[in-house]
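J.: Can you keep this structure in mind? I'll have questions shortly.
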Amino acid sequence: MLPLPRENQKVSPYFVFYLIHSTQIGVSILGFERYIAKDAGYDAWISIIISGVSINMLIWIIYQILNKGKNDLAAIHMDLFGKTVGRLMNLYFVVYFTLFAITILRTYLEVIQVWVFPQLNLWTFTPVFLLLMYSFIVGGFRVVTGLSFLSVIYGLPLILLFWFPLQQADFSNVFLKIDHNLTELLKGSKTMSLGFLGFEPLFLFYPFIKNAETSQKWAHFGVIFSILLYLTTALVTFFYFSKEQLTHTIWATLTLWKIVDLPFIERFEYVGIAIWVFVVIPNLCLTVWSAGRLLKQSFSIRQRTSLWITLTILYVLTPIFKNRQQIDLLNVGVGRLGYYTIYFYIPLLFVIQWMIYRVRKNQ
Amino acid sequence: MNNIKKAFVIIFLSILNGCSIQPRILEDIQLVTSFGYDYAGKDKIKATINMPITPVVENAPPGNQVLTAIGHTSKNIRQILQSRSPKPLYIGRTTVVLYSKTLAEHGILSLINTLQRDPELGRDLTLAVVDGKVEPLLSFHYPWAEVTTKYMEQLLEQNELQNIPKTNIHDFLFRYYGKGADPFMPLLKKKGNEIKIKGMALFKGDRYVGYIPYRKSFIMKLLFENFKSGIYEFKLKKENHVAIENLASKVDYDVQYRGNQPHITINVNLQGKISEFQSTELIGNQLIKSVEKQADRTITREAKNLVHTFQDLNVDPLGLGHKVNNVTPHFNFSRWNKAYADVPIDINVKIKVVQSGITE
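As given, the protein sequences belong to chains X and H, one line each in that order.
Taking numbering that gives the first Met the number 0, the leading residue of the first sequence gets 0, the next gets one more, and so forth.
Taking numbering that gives the first Met the number 0, the leading residue of the second sequence gets 0, the next gets one more, and so forth.
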């Protein structure tokens, strides 16, 4: 069994709310609307709810696995599958978290490139981000948690900006009829699940929660809050854009910020994009921390070393994706990978663990 | 020590990044605040840009500088214009974009698309069609205001409050891309040394097909959106005219199916006050009743005429198709497009006079 973290490295159970919620709200909320609308039209709000409910069920499954295993994913893998296979499984999750971090970072940098500084050189700009992440992650899990908490606090006031598009909204766009069948709605919720990805670090930070079993309700609250936020954003977008117009808009949420017209700021999207750093950084920190933690746990190297490994990979791979098509491909690819990981692997792990524990009990 | 080193690296990298980005300092760039396009033969357009210039002299009023060039795409024209401007041109502060009627008849989607694509530009951009040529309109120095853009901006803005339906680039795109609605925008005309709003230009897709005169645009606004100002004048008896000032007007659309045929009812409720009456008669309850009745009748008639005009032109600026689609499962647009010209549309106007000023 791998050693558990010391008591003074742990955080209170209610922080799980912020940890789960803040990683679910990331870059995907800036432009998820047109993807779900492609699948389920303006009935896609139902897809968001379906997807959110399924994520809540997954959270329940994850807690079942972790409560039984009483340690993090790395330890559970090595316990269930033996050292070699367990390490391989851990390595898969390291790759998964790294790819996830690359997707977040590259998508956010694309937003900066397209909206603010077209001439931005990624080879010099990415290190600024990575060093920022490094200095937070080195502070340990408690610092990362604090960052998640702050990101929720900083990000929430942006909801008030929906007031501006609502003044030009056409409320009859949604709700009055349901035009799509269940298959289409489910397809939409499959697409939507990319938005809800990001709760997987729960597998790793579980031992860092005081009385971790009691934190489950906070995890559920976190997901519910994310559902509400995605739902509000999607509805405001659907009210504001016509359906065909939305398919031409890559970052619908960002475009909504464009309408904001305050007496002292004429173009709010620049401010919004800057504030979004606070939302993206904890996202990145938590995924990179998880990747580093997995490496540390499975290969018994120092976490600082594993962190450098992950950050170097991030530095080399992030600027490789050059244009919209490649970035879109990255997003879709990682989204699909995440989809299969959470909807197939997690329940599978649950079943395997259940069977192995039964066999052990009988012996 | 380690922290200092880290901070140093971050600062160094930030400076390095600063070098790779072009700065835009207000004094060193030239802001374009309005521009417009004329038709210049097949595949060619003539662009005119208008820029406010602040003289370096103290206490001198700002002026306009106008540049014109011909080219194939708007960005190519920008490059040509750049060759004649001492400072780099930026269109981020543009508020008004104009298209000549001839150009609009040929379709303007590509020109609007580039505006939509540009992250520099905001969403509250006003688009307008010019009856005649854009170039003389933009290059004239109007006595109303020192800066032409400001003049047009204010002209459109205050009229959008009371006389013409509100439009901007977002509305155009909403209607253009959205099925069951056609775009429209204000129609401007230069007359002597002033600009006037001639009416509303109607589009089918991205092509100009006709316009409704300014007088009728108030009726269109009544049918189009809720608003709280504007004046409508009509004939009460033989010679007496009454002007009703709108205090609050609300519109809602009701779609009912009779068999297979959608039946649209537009309900307009207007609360107003009598602001002018061409008679010495005292304004009492009886008179108010008859004013209300007469106004109902006149506005309903005018509104019906207007909707018929739309149906005759086969344009749908009110977005009726969109509204019917919103309540109809599995709506068939191609059938709707064929049926649109003959769809029965009922209009109910209810006017309530609540005030008559400070005298009786």
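Backbone N, C-alpha and C define an ideal beta-carbon position, used for all residues, glycine too.
Remember, predicted model here, so these are calculated numbers, not experimental data.
Tell me the residue span of the alpha helix (DSSP H) that contains Ser-248 (chain H).
T.: For the purposes of this step, residue 248 (chain H) is identified with residue 249 of the second sequence, where counting begins at 1. Segment 240-257 is the beta strand (DSSP E) holding Ser-248 (chain H); no alpha helix (DSSP H) there.
J.: Look up Ser-147 (chain X) in the DSSP assignment and say whether it is helix, strand or coil.
T.: As a position in the first sequence, residue 147 (chain X) is number 148, starting the count at 1. If DSSP states are grouped into helix, strand and coil, Ser-147 (chain X) belongs with the helices.
J.: Determine, for Pro-118 (chain H), whether the minimum Cβ-Cβ distance to residues of chain X falls below 8 Å.
T.: Counting from 1 along the second sequence, the entry for residue 118 (chain H) is found at position 119. So yes, Pro-118 (chain H) belongs to the interface.
J.: Interface residues of chain X around Lys-322 (chain H) at Cβ under 8 Å?
T.: Counting from one through the second sequence, the residue named residue 322 (chain H) turns up at place 323. Correct list: Ser-171.
J.: Residues of the stretch 8-21 of chain H in Cβ contact with chain X at a cutoff of 8 Å, in chain order, please.
T.: From the stretch 8-21 of chain H, only Val-8, Ile-9, Leu-12, Ser-13, Leu-15, Asn-16, Ser-19, Ile-20, Gln-21 have a Cβ closer than 8 Å to chain X.
J.: Could you name each continuous alpha helix (DSSP H) segment of 4 residues or more that falls completely within the stretch 212-294 of chain X, going from the start of the chain to the end?
T.: DSSP runs (the alpha helix (DSSP H)) wholly in the stretch 212-294 of chain X: 215-239, 242-245, 251-258.
J.: In terms of residues, what are the limits of the beta strand (DSSP E) holding Tyr-210 (chain H)?
T.: Counting from one through the second sequence, the residue named residue 210 (chain H) turns up at place 211. Per DSSP, Tyr-210 (chain H) belongs to the beta strand (DSSP E) from 206-212.
J.: Consult DSSP for His-262 (chain H) and reduce its assignment to one of helix, strand or coil.
T.: For the purposes of this step, residue 262 (chain H) is identified with residue 263 of the second sequence, where counting begins at 1. Of the three classes helix, strand and coil, the one that applies to His-262 (chain H) here is strand, per DSSP.
J.: Let me check one thing: in DSSP terms, what residues is Tyr-89 (chain H) bridge-paired to?
T.: Mapped onto the second sequence, residue 89 (chain H) falls at position 90. Answer is H:Leu-30.
J.: Within 8 Å (strictly less), CB to CB, does Tyr-339 (chain H) reach chain X?
T.: If you number the second sequence from 1, residue 339 (chain H) lands on position 340. It does not: the Cβ of Tyr-339 (chain H) has no partner Cβ on chain X nearer than 8 Å.
J.: Does the beta carbon of His-20 (chain X) sit closer than 8 Å to a beta carbon anywhere in chain C?
T.: The structure shown contains no chain C; its protein chains are X and H.
J.: Do you know whose CA, among X:Gly-291, X:Lys-321, X:Gly-332, lies nearest Ile-312 (chain X)'s CA?
T.: As a working mapping, residue 312 (chain X) is identified with position 313 in the first sequence. Cα-wise, what sits closest to Ile-312 (chain X) is X:Gly-291.
J.: Look up Val-94 (chain X) in the DSSP assignment and say whether it is helix, strand or coil.
T.: Mapped onto the first sequence, residue 94 (chain X) falls at position 95. Residue state, collapsed to three classes: helix.
J.: What residues in its chain sit with their C-beta under 7 Å from that of Val-15 (chain X), if we drop five residues either side in the sequence?
T.: Position 16 of the first sequence, counted from the first residue, corresponds to residue 15 (chain X). The residues are Ile-208, Ser-214, Trp-217, Ala-218, Gly-221.
J.: Using a Cβ-Cβ distance under 8 Å, would Gln-112 (chain X) count as near chain H?
T.: The residue you call residue 112 (chain X) lines up with position 113 of the first sequence. Output row for Gln-112 (chain X): interface = no.
J.: Within the same chain, show all residues whose beta-carbon is closer than 8 Å to that of Tyr-153 (chain X), passing over the 5 residues directly before and after it, in chain order.
T.: To locate residue 153 (chain X), count along the first sequence from 1; it is residue 154. Counting only Cβ-Cβ distances below 8 Å, and skipping sequence neighbours, we find Ile-274, Phe-277, Val-278.
J.: I'd like to know if Thr-309 (chain X) contacts chain H, where contact means its C-beta is closer than 8 Å to some C-beta of that chain.
T.: Residue numbering aside, residue 309 (chain X) sits at position 310 when the first sequence is read from its first letter. Thr-309 (chain X) does not count as touching chain H.
J.: Between Trp-321 (chain X) and chain H, is the shortest Cβ-Cβ distance under 8 Å, so that the two count as touching?
T.: Taking the first sequence and counting its residues from 1, one reaches residue 321 (chain X) at position 322. Sequence inspection shows Lys at residue 321 (chain X); the Trp mentioned does not correspond to that position. By this cut-off, Lys-321 (chain X) is not an interface position.
J.: Would you verify that the beta carbon of Thr-123 (chain X) is, or is not, closer than 8 Å to some beta carbon of chain H?
T.: Here residue 123 (chain X) refers to the residue found at position 124 when the first sequence is read from its first residue. By this cut-off, Thr-123 (chain X) is an interface position.
J.: Could you tell me which chain H residues have their CB closer than 7 Å to the CB of Leu-130 (chain X), listed as they occur along the chain?
T.: Looking up residue 130 (chain X) in the first sequence gives position 131. Going along chain H in sequence order, the residues near Leu-130 (chain X) (Cβ under 7 Å) are Lys-5, Val-8, Ile-9.
J.: Quick one: what's Asn-55 (chain X) bridged to in DSSP?
T.: Reading the first sequence from its first residue, position 56 is the one you call residue 55 (chain X). Paired residues: none, contrary to the question.
J.: Quick one: grab the DSSP three-state call for Tyr-13 (chain X).
T.: Counting from 1 along the first sequence, the entry for residue 13 (chain X) is found at position 14. In the structure shown, Tyr-13 (chain X) sits in coil (DSSP, three-state: anything other than H, G, I, E or B).
J.: Leu-137 (chain H) and Gly-35 (chain H): beta carbons closer than 8 Å?
T.: As a position in the second sequence, residue 137 (chain H) is number 138, starting the count at 1. As a position in the second sequence, residue 35 (chain H) is number 36, starting the count at 1. Cβ distance < 8 Å, so Leu-137 (chain H) and Gly-35 (chain H) count as in contact.
J.: Which partner residues of Lys-209 (chain X) appear in the DSSP bridge assignment?
T.: One-based indexing of the first sequence puts residue 209 (chain X) at position 210. BP columns for Lys-209 (chain X) are empty, so no partner.
J.: For Trp-143 (chain H) and Met-50 (chain H), what's the separation of their Cα atoms in angstroms?
T.: Residue numbering aside, residue 143 (chain H) sits at position 144 when the second sequence is read from its first letter. Residue numbering aside, residue 50 (chain H) sits at position 51 when the second sequence is read from its first letter. Computed Cα separation, rounded: 17 Å.
J.: Cβ closer than 7 Å: which chain X residues qualify as neighbours of Tyr-176 (chain H)?
T.: Position 177 of the second sequence holds residue 176 (chain H). Here the neighbours are Ser-241, Glu-243, Gln-244, His-247.
J.: Between which two residues does the alpha helix (DSSP H) harbouring Phe-202 (chain H) extend?
T.: To locate residue 202 (chain H), count along the second sequence from 1; it is residue 203. Counting along the chain, Phe-202 (chain H) falls outside any alpha helix (DSSP H), though it belongs to the beta strand (DSSP E) covering 193-203.
J.: Pick out whichever of H:Gly-62, H:Asn-2, H:Ile-28, H:Asp-130 has its Cα sitting closest to the Cα of Gly-209 (chain H).
T.: Working through the second sequence from its first residue, we reach residue 209 (chain H) at position 210. Closest option to Gly-209 (chain H), Cα to Cα, is H:Asp-130.
J.: Going by alpha carbons, who is nearest to Thr-94 (chain H) out of H:Arg-116, H:Arg-122, H:Glu-301?
T.: Here residue 94 (chain H) refers to the residue found at position 95 when the second sequence is read from its first residue. Selected option, being the one with the closest Cα: H:Arg-122.
J.: Between the stretch 220-235 of chain X and chain H, which residues of the former have CB atoms less than 8 Å from a CB of the latter, in chain order?
T.: So the list is empty, because no residue satisfies the distance condition.
J.: Let me confirm a value: Gly-229 (chain H) is counted as buried when at least 16 other C-beta atoms fall within 10 Å, else exposed. Which label applies?
T.: Position 230 of the second sequence, counted from the start, is the residue given in the question as residue 229 (chain H). With 16 or more Cβ atoms within 10 Å of its Cβ, Gly-229 (chain H) is classed as buried.
J.: Please compile the residues from chain H whose C-beta is within a distance smaller than 7 Å of the C-beta of Pro-126 (chain X).
T.: As a working mapping, residue 126 (chain X) is identified with position 127 in the first sequence. Those are Leu-12, listed as they occur along chain H.
J.: Against chain X, does Asp-181 (chain H) count as a neighbour if the rule is that its beta carbon must be under 8 Å from one of theirs?
T.: In the second sequence, the residue the question calls residue 181 (chain H) occupies position 182. False, the Cβ-Cβ gap to chain X never drops below 8 Å.
J.: Would you identify the three-state DSSP class for Ala-59 (chain H), choosing helix, strand or coil?
T.: Taking the second sequence and counting its residues from 1, one reaches residue 59 (chain H) at position 60. Coil, per DSSP.
J.: In three-state DSSP terms, what is Pro-164 (chain X)?
T.: Sequence index remark: in the first sequence, residue 164 (chain X) carries index 165 (1-based). Residue state, collapsed to three classes: helix.
J.: Taking only beta-carbon positions, decide if Asp-253 (chain H) is within less than 8 Å of chain X.
T.: The residue you call residue 253 (chain H) lines up with position 254 of the second sequence. Taking Cβ atoms only, chain X never reaches closer than 8 Å to Asp-253 (chain H), which makes this a no.
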